[in-house]
Amino acid sequence: MRTRFAPSPTGRLHLGHVLAARVAHSLARDSGGEFLLRHEDIDGSRVREEFYQGIEEDLEWLGLTWDGEALRQTHRIPAYDAALAVLRERGLVYPCFCTRREIQEEWSRMGAAPQGPEGPVYPGTCRRIPADEREERMHAGHAYAWRMDAGKAAGITGPISFQDLRFGEMAVDPQLLGDVVLVSQELQLRLIFHTSCVILQAFLTCLPHLTPFCSQCLDSNLPVVRLL
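Under the numbering used here, residue 1495 is the last one in the sequence shown; the count climbs by one each step, no gaps.
Here it is as structure tokens:
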């Protein structure tokens, strides 16, 4: 079994971190598997170099040793670029130019916004824009984010599920969250990952097991993870 602990180096570990790390470490060691450490250093304004070291020192003091190199999310940008390029080639993502206000206005025009487990989902406005118009907007420097075409992706995969160690096989609705944002562009930063720091990782490598604490946090994102 492969498990992963992925803290943000924006501070020292707290007790919740310790519990999650210990569970992930125990599951990996008890099964003869791997325990991986990856720093989610995507909040550039709060990340500090001393917190990387502090987290690793705390884990070592607790006896929670990890396998291989401690990875840093920001060092993996080329790999994510490559994954996004594959999705683009397959026509599974599209640029979205909508602002939050424009999305809200579209919901109002619809009368009733499409609903997901955490509220309204994106209505698909930019999915309907012709390819040549998309290219024109991108070349003109309009701000955009890459959204996954969930319907098209689901047409390729068919029914999907995941194996829960407690409850067995669980079915997943791949279109539950609509066309989610995978990558966004802001200011001087090339790529800013939001939940896609986990999602695109699933596309690139064999997805590690999610510990009970981690899976509860990611329940709403599991449809996207499994779809990718």
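Glycine is no exception: its CB is placed at the ideal position from the N, C-alpha and C atoms.
Check, Outcome
"Sequence-distant residues of its chain with Cβ nearer than 7 Å to H1284 (five each side left out)", "P1274"
"L1489: first and last residue of the uninterrupted alpha helix (DSSP H) it sits in", "1489-1494"
"Pick from R1269, T1341, G1425, L1489 that is closest to G1335, judged by C-alpha positions", "R1269"
"Chain-order list of residues whose beta-carbon lies under 8 Å from that of R1296 (same chain, five-residue window excluded)", "F1302"
"C-beta atoms of Q1340 and D1308 nearer than 8 Å", "yes"
"For E1436, three-class secondary structure by DSSP", "strand"
"One or two residues paired with V1450 in a DSSP bridge", "W1413"
"Three-state secondary structure assigned by DSSP to V1353", "helix"
"Sub-8 Å separation of L1494 and T1392 beta-carbons", "no"
"Any 3 or more C-beta pairs closer than 8 Å across the segment 1390-1404 and the segment 1341-1354", "no"
"Element boundaries [beta strand (DSSP E), containing I1427]", "1427-1431"
"Outcome for D1399 when other beta-carbon atoms lying within 10 angstroms are tallied against a minimum of 16", "exposed"
"Strand pairing of V1360, partner residues [DSSP]", "M1415"
"Rounded C-alpha distance that separates E1327 from L1280", "12 Å"
"Whole-number beta carbon distance between L1443 and G1378, since they are thought to touch under 8 Å", "Their Cβ separation, rounded to whole angstroms, is 21 Å, which puts G1378 and L1443 out of contact at 8 Å."
"Between the CA atoms of Q1430 and E1436 - distance to the nearest angstrom", "4 Å"
"Whole-Å CB distance - L1331 paired with H1292, under 8 Å assumed", "5 Å"
"Segments assigned beta strand (DSSP E), at least 3 residues, entirely inside the segment 1279-1306", "1301-1306"
"Buried versus exposed, by CB contacts within 10 Å (16 or more), I1322", "buried"
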